[in-house]
């Protein structure tokens with residue numbers, strides 16, 4: 005694949021889903037997409053570009069291309085230090101704010117959930133905290149890949165997904181012939197949907213949420229796409245809601261409306277609460 009072909013493909017995929025590759029990534033992109041060409045019976049990348057632009061199945065193939073160009077590695081209880089901050093510091097605050105406005109509802113969004121391990125981890129942590137018994141709890145996961153969403157809905161996993169498993173949470177799984185399956189009570193808290201994060205209008209299906217996990221997703225995006233996704237996440241968060249990024253991601257060099265929230269074991273981000281909605285001092 006020549007540089008001209010690479011840039012045509014790179015820029016077209018970028019406009020579709022925000023993924024971006026620098027010019028020195030030509031070989032990586034070619035290697036990852038080569039199997040797509042073989043399956044479609046396409047000879048070269050110029051023809052593949054035309055397919056993405058004009059073929060009736062172009063949208064489905066764009067999703068397939070986006071999937072092979074990114075890494076779907078995930079597992080239960082990834083980045084445990086951040087999950088401790090979520091359980092010990094964020095959930096009690098979110099609970100208090102909900103009760104203050106007369107609500108017993110908790111909504112958490114996993115933006116770019118891959119095969120679902122993060123979504124089920126969040127649900128298990130919420131259940132184990134016992135802070136939300138009798139509440140309406142919803143954990144929503146989205147991904148651009150329909151293949152990984154099918155796996156997420158199946159909720160059955162092999163040993164690779166348990167590399168950071170915490171023994172106290174073994175009770176949330178049932179052994180089956182196909183693998184270990186998430187307990188029905190936890191599955192009932194979780195919902196999955198297909199979503200391209202670049203589609204701001206479609207993102208409204210998420211509704212308003214109290215916490216968003218968007219971990220190891222923004223690293224694939226260019227600056228303009230990253231800002232667009234962050235604007236969408238900001239809009240979906242309730243006031244005072246939290247955004248948790250991956251360990252290698254930061255908003256410190258980005259201009260956003262989020263404020264920094266320094267926790268004991270992590271730095272996270274928060275949608276500010278208007279001054280007029282803050283409780284009086286001493287309360």
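Residue numbers (our numbering): 5 to 287. Just so you know, even glycine gets a beta-carbon here, dropped at the ideal spot from N, CA and C. From a predicted model like this one, the values you see are computed outputs, not experimental measurements.
Exposure label - residue i; buried when at least 16 CB within 10 Å
i: residue 64; result: exposed
i: residue 156; result: buried
i: residue 61; result: exposed
i: residue 86; result: buried
i: residue 56; result: buried
i: residue 264; result: exposed
i: residue 7; result: exposed
i: residue 31; result: exposed
i: residue 163; result: exposed
i: residue 74; result: buried
i: residue 211; result: exposed
i: residue 147; result: buried
Bridge-paired residues (DSSP) for residue i
i: residue 197; result: 146
i: residue 1; result: Any property of residue 1 remains undetermined from this structure, which presents the chain solely from 5 to 287.
i: residue 216; result: 113 and 247
i: residue 160; result: 185
i: residue 273; result: 247 and 264
i: residue 179; result: 184
i: residue 241; result: 213
Same chain only: Cβ atoms within 8 Å of residue i, ignoring 5 sequence neighbours per side
i: residue 236; result: 201, 204 and 207
i: residue 82; result: 121, 122, 125, 168 and 219
Sequence-distant residues of its chain with Cβ nearer than 7 Å to residue i (five each side left out)
i: residue 167; result: 79
i: residue 244; result: 101, 274, 275 and 277
i: residue 46; result: 52 and 55
i: residue 252; result: 223
i: residue 255; result: 262 and 273
i: residue 94; result: 215 and 246
i: residue 270; result: 85, 86 and 89
Close-in-space but distant-in-sequence residues of the same chain around residue i (CB under 6 Å, 5 per side omitted)
i: residue 108; result: 139
i: residue 159; result: 185, 186 and 191
i: residue 230; result: 222
### Message
Three or more C-beta pairs under 8 Å: does that hold for the region 96-109 against the region 48-62?
### Response
no
### Stretch pair the region 63-77 + the region 20-40: three plus CB contacts closer than 8 Å
yes
### Whole runs of the alpha helix (DSSP H) within the region 71-101, excluding any shorter than 4 residues
84-89
### Query
Would you call the region 192-199 and the region 130-149 touching, i.e. three or more CB-CB distances under 8 Å?
yes
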